[in-house]
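>
2 protein chains.
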Amino acid sequence: MAREMLRQGGRSARIQEAVHRTVKELLAQMDRSEITVPMIAEKAGVPPSTIYRRWGDLSDLLADVALERLRPIADPEDTGAMGSDIETFIVDYAEEMSSDVGRGMYSDILGSSSDSAARCCHYTIHHLETLRQRAEGRGEPGFEVDAAMDKIVAPIVYHILFQDKAVTPDYCRALVSDFLGGKG
Amino acid sequence: MAREMLRQGGRSARIQEAVHRTVKELLAQMDRSEITVPMIAEKAGVPPSTIYRRWGDLSDLLADVALERLRPIADPEDTGAMGSDIETFIVDYAEEMSSDVGRGMYSDILGSSSDSAARCCHYTIHHLETLRQRAEGRGEPGFEVDAAMDKIVAPIVYHILFQDKAVTPDYCRALVSDFLGGKG
DNA sequence: CCACTAACGCTAATAATTTGCGTTAAGGTG
DNA sequence: CACCTTAACGCAAATTATTAGCGTTAGTGG
Numbered sequence: 000m001a002r003e004m005l006r007q008g009g010r011s012a013r014i015q016e017a018v019h020r021t022v023k024e025l026l027a028q029m030d031r032s033e034i035t036v037p038m039i040a041e042k043a044g045v046p047p048s049t050i051y052r053r054w055g056d057l058s059d060l061l062a063d064v065a066l067e068r069l070r071p072i073a074d075p076e077d078t079g080a081m082g083s084d085i086e087t088f089i090v091d092y093a094e095e096m097s098s099d100v101g102r103g104m105y106s107d108i109l110g111s112s113s114d115s116a117a118r119c120c121h122y123t124i125h126h127l128e129t130l131r132q133r134a135e136g137r138g139e140p141g142f143e144v145d146a147a148m149d150k151i152v153a154p155i156v157y158h159i160l161f162q163d164k165a166v167t168p169d170y171c172r173a174l175v176s177d178f179l180g181g182k183g
Numbered sequence: 000m001a002r003e004m005l006r007q008g009g010r011s012a013r014i015q016e017a018v019h020r021t022v023k024e025l026l027a028q029m030d031r032s033e034i035t036v037p038m039i040a041e042k043a044g045v046p047p048s049t050i051y052r053r054w055g056d057l058s059d060l061l062a063d064v065a066l067e068r069l070r071p072i073a074d075p076e077d078t079g080a081m082g083s084d085i086e087t088f089i090v091d092y093a094e095e096m097s098s099d100v101g102r103g104m105y106s107d108i109l110g111s112s113s114d115s116a117a118r119c120c121h122y123t124i125h126h127l128e129t130l131r132q133r134a135e136g137r138g139e140p141g142f143e144v145d146a147a148m149d150k151i152v153a154p155i156v157y158h159i160l161f162q163d164k165a166v167t168p169d170y171c172r173a174l175v176s177d178f179l180g181g182k183g
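Protein sequence lines correspond, in order, to chains F and S. Read in order, the letters of the first sequence correspond to residues 0 to 183 in numbering that gives the first Met the number 0. Read in order, the letters of the second sequence correspond to residues 0 to 183 in numbering that gives the first Met the number 0.
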């Protein structure tokens, strides 16, 4: 992945923005296996060497873009109760990530030599942590975030990645209710 | 991945063997990001064009090699009882796959455009199925293979891939005993 | 043993990546 | 606010990887 930007403003930031935007546009138009660095460079209006120097190679650039897309911009929806909070978050997450674009983001992140994989799952942990704290603030008993990762998130991500079975909303809800039910 | 070989014998098979062996050797010596097709070609004694024509590109070749390494060669060890069969199989599997080489195989498989991901997890399902049948042959109650994939395999593979926590034998054993305990 | 053709080797053309070097502009300092 | 330092850039040349054409080799089935 890109090393942290040492300079945050001006030209450097404009290039980062233009390149990221271009990658997202290309990803929506064609298969990732057809995308090349020179192609991105031309569309974004920067020389290829700038991309190579800054991101290293295509897989690191794709991982960087994927990670940015996954970065939390808002907290999960507040539905009023812990069970429905978790269910809503998980069903939405699974739907978003089981698309071709979503699975592609996972592949890019896992194919990169950087630490983007660990970062990516920290985002999910962070969201679950938010839901846990919210529940406890309501006086609900809360839940173990690690256990939720193992029992809910891991199976969903596994099936998305290995494409061995369809990840349906019903399947997700069953995982959630199994997790919540197995506690009492 | 490589299309199925139309010709199984002679020269074609020798090349496949030489290339696979070379890839495994290189993988043991250096980081995968340093490996190139021309490098493999020279060491294996074949022209690069042959590799490109047959495997398409490097990621498909790596996925092909990874899949071959994961292909079951023997049934899981028979320890005399279902619980210890599952535990032994899972602990061994986790240990093997949590190495850098193991994680690399997953990355290669997930980064390929072929169906190698689904095949890879079918291998695991097949092994679990073997254990289930063996247990039932002994008069034991058996277990749900799908549930074992969700509750045992998925969390292990998730943590290996996303590198968010160490997958220790104790952790694996806890997953197995949780799975078996939650049934009675 | 012969015919058929998949798969190969070689080579030339094309495309991607790396590198050196001069230039621009961000961010800090007096 | 002008100046200094240097990260990051643009350009272009050199290197390396990939693709494609075409004749050749050698499995496979008859």
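In this text, a Cβ means the ideal position worked out from N, Cα and C, and glycines have one as well.
1) Is the closest heavy atom of the ligand FMN to the C-beta of L179(S) under 6 Å?
2) According to the neighbour-count rule (16 or more other Cβ atoms, all chains shown, within 10 Å of its Cβ), is A43(S) buried or exposed?
3) Could you tell me the alpha carbon to alpha carbon distance between T21(S) and E67(S), rounded to whole angstroms?
4) Do the stretch 85–104 of chain S and the stretch 139–151 of chain F meet, that is, are 3 or more Cβ pairs less than 8 Å apart?
5) Could you pull out every residue in the same chain whose Cβ sits closer than 6 Å to the Cβ of S97(S), ignoring the five residues on either side in sequence?
6) Which of helix, strand or coil does DSSP assign to R137(S)?
7) Pull up the distance between the alpha-carbon of T35(F) and that of R172(F), whole angstroms please.
8) Can you confirm whether A153(F), when its beta carbon is compared against all beta carbons of chain S, has any partner nearer than 7 Å?
9) With a cut-off of 8 Å on the beta carbons, I'd call S113(S) and A62(S) a contact; round off their distance for me.
10) Does the beta carbon of Y157(S) sit closer than 7 Å to a beta carbon anywhere in chain F?
11) If you follow the alpha helix (DSSP H) that I232(F) is part of, which residue opens it and which one closes it?
12) Is the Cβ of G110(F) closer than 7 Å to any Cβ of chain S?
13) Would I155(F) be called buried (16 or more neighbouring beta carbons within 10 Å of its own) or exposed?
14) According to DSSP, simplified to helix, strand and coil, what is P71(S)?
15) To which residues of the same chain is V152(S) closer than 7 Å at the C-beta, ignoring the five residues directly before and after it?
16) Thinking C-alpha only, which one of R131(S), D56(S) and A73(S) is nearest S83(S)?
17) Return the residues of the stretch 110–130 of chain F that lie within a Cβ-Cβ distance of less than 8 Å from chain S, sorted by chain order.
18) Sorted by chain position, which residues of the same chain lie with C-beta nearer than 7 Å to M49(S)'s C-beta, five sequence neighbours on each side aside?
19) Tell me whether E76(F) sits in a helix, a strand or coil according to DSSP, three-state version.
20) With 7 Å set as the bound, which would you pick, yes or no: does the beta-carbon of L26(S) sit closer than that to a beta-carbon of chain F?
21) Under 7 Å between beta-carbons, which chain S residues line up against D149(F)? List them in chain order, please.
22) Going by DSSP, what residue range makes up the alpha helix (DSSP H) through F88(F)?
23) Using a cut-off of 9 Å between C-beta atoms, extract the partners of Q162(S) located in chain F.
24) Does the Cβ of I185(S) have 16 or more other Cβ atoms within 10 Å, making it buried, or fewer, making it exposed?
25) When you compare each of H125(F), G110(F) and D56(F) to I72(F) by their alpha carbons, which one comes out closest?
26) Within 10 angstroms of its Cβ, does A117(S) collect 16 or more other Cβ (buried), or is it exposed?
27) What residue range does the alpha helix (DSSP H) around R20(S) cover?
28) Compute the beta-carbon to beta-carbon distance between H121(S) and V64(S), rounded to the nearest angstrom, for a pair I have assumed lies under 8 Å.
So, to answer that:
1) Because no ligand of any kind appears in the structure shown, any question about the ligand FMN cannot be addressed here.
2) buried
3) 14 Å
4) no
5) I159 and V166
6) coil
7) 39 Å
8) yes
9) 6 Å
10) yes
11) Outside the shown range of chain F (0 to 183) lies residue 232(F), about which nothing can therefore be said.
12) yes
13) buried
14) Reduced to three states, the DSSP call for P71(S) is coil.
15) T123
16) R131(S)
17) G110, S112, D114, A116, A117, C119, C120, H121 and I124
18) The sequence shown places Thr at residue 49(S), not Met. If you ignore the 5 residues before and after T49(S), its C-beta comes within less than 7 Å of the C-beta of I14, all in its own chain and listed in chain order.
19) coil
20) With 7 Å as the cut-off, L26(S) does not count as an interface residue toward chain F.
21) P154
22) M81 to M96
23) D114, A116, A117 and C120
24) Nothing can be reported for residue 185(S), as the shown portion of chain S is limited to 0 through 183.
25) H125(F)
26) exposed
27) G9 to Q28
28) Contact doesn't hold; Cβ gap of about 18 Å is too wide.
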